[in-house]
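Residue numbers (the working numbering): 819 to 875.
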């Protein structure tokens with residue numbers, strides 16, 4: 819026997835699953851990092867490491 823809480827939880831889960839299925843069908847996920855983003859993060863990391871190394875020497 820399902821309580822009201824169980825039914826609400828089941829409905830919420832179904833809603834979330836449908837939302838993720840819609841996202842999975844799209845070719846681009848909003849907020850997903852691209853190769854350019856990863857390259858810029860790597861460049862910034864290297865700049866910071868080299869900058870602090872030079873500053874500390």
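Glycine is no exception: its CB is placed at the ideal position from the N, C-alpha and C atoms. All figures in this text were calculated on a predicted structure; none of them were measured in a lab.
Assuming the contact rule is C-beta atoms closer than 8 Å, residue i and residue j should be a hit. Round their C-beta distance to whole Å, please.
i	j	result
residue 841	residue 847	6 Å
Using DSSP with H/G/I as helix, E/B as strand and the rest coil, what is residue i?
i	result
residue 829	helix
residue 873	helix
residue 823	helix
residue 863	helix
residue 846	coil
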